[in-house]
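In this note's numbering, the protein residues as written are 2 to 286.
In structure tokens, the structure reads:
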């Protein structure tokens, strides 16, 4: 062989089959991480459980007379499911930054698969993990007066998965350009707390000041919490005035949005965030 000879290197061609396999591998990796990390599993449950049973009990003792026939913790229950899902989904996205710091992400990005398949696998894995965490909170339904009706449980599972996928896509978008875990967790905390507080997770959406009503309306998490609350209240026997006060729905200019439209908003947002996250990964080094 002379110095002018060129050695040809043939790279395996990508394709739909490779992309599907990449999605499965990334998803499986996320599930293994979740199963093997019990500390993460328990720590992500502490805050919603404390808020549900400590804060919910405390506030419930103050408003008991104004909402007869229902425990305030029952009202907070869908919000705490959403909190569990959003926290776990964002933590799942944080693993992207971890993989970048240790060089594993670069190995995935040079694989003969589309970067979209890597992002989709990450979002699906985060959604399954967050939904599994939400199921643990869901198991406490009977303790706070929510019935274990099969239809209700299936509805909440589907809504949890949709919310989990959306928030994981959002976290993946943020993590795509982050260089350190400290930066990501700082941005994550700055994003999570306002979204949770302005979603109606801990207070009703009725009779809010106009400025607060606007903030809750533009908050994407509101459109995930309200369908869960609607599903729960549909299986409760509460006085009409209490239902109107605690479950008013999302209102646009005096029009209450149908639940299907609220879920459509969350679905559209999930697809938009997924697309932007994929574009960010295509630009990543």
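By construction, the Cβ of each residue, glycine as well, lies at the ideal position given by its N, Cα and C atoms.
In this text, all values refer to a predicted model and were calculated from it rather than measured experimentally.
Residue i: buried (16+ other C-beta within 10 angstroms of its C-beta) or exposed?
i           : result
residue 52  : buried
residue 165 : buried
residue 59  : exposed
residue 12  : Since pLDDT at residue 12 reaches only 46, below the 50 mark, its modelled position is unreliable, and the value read off the structure follows with that caveat. With fewer than 16 Cβ atoms within 10 Å of its Cβ, residue 12 is classed as exposed.
residue 45  : buried
residue 70  : exposed
residue 66  : exposed
residue 288 : Outside the shown range of the chain (2 to 286) lies residue 288, about which nothing can therefore be said.
residue 197 : buried
residue 57  : buried
Tell me whether residue i sits in a helix, a strand or coil according to DSSP, three-state version.
i           : result
residue 277 : helix
residue 252 : strand
residue 178 : coil
residue 226 : helix
residue 201 : coil
residue 49  : helix
residue 268 : helix
residue 154 : helix
Quick test of your reading: residue i and residue j, contact by CB under 8 Å. State the CB separation rounded to the nearest angstrom.
i           : j           : result
residue 167 : residue 271 : 4 Å
residue 169 : residue 94  : 6 Å
residue 127 : residue 31  : 6 Å
residue 181 : residue 20  : The Cβ separation is near 30 Å, so there is no contact.
residue 282 : residue 116 : 4 Å
residue 39  : residue 96  : Residue 39 to residue 96, Cβ: 16 Å. No contact.
residue 257 : residue 145 : Wrong, their Cβ atoms sit about 26 Å apart, outside the cutoff.
How would you write the range of the alpha helix (DSSP H) that residue i sits in, first residue to last?
i           : result
residue 236 : Premise fails: residue 236 is in no alpha helix (DSSP H) and is neither H nor E.
residue 37  : 17 to 37
residue 61  : 57 to 64
residue 259 : Unbroken run through residue 259: none, as it is neither H nor E.
residue 288 : Since the first and last residues shown for the chain are 2 and 286, residue 288 lies out of range.
residue 213 : 211 to 219
Item to check | Sequence ranges, alpha helix (DSSP H) only - wholly within the segment 68 to 151, length at least 4 | outcome: 73 to 102, 105 to 110, 116 to 139
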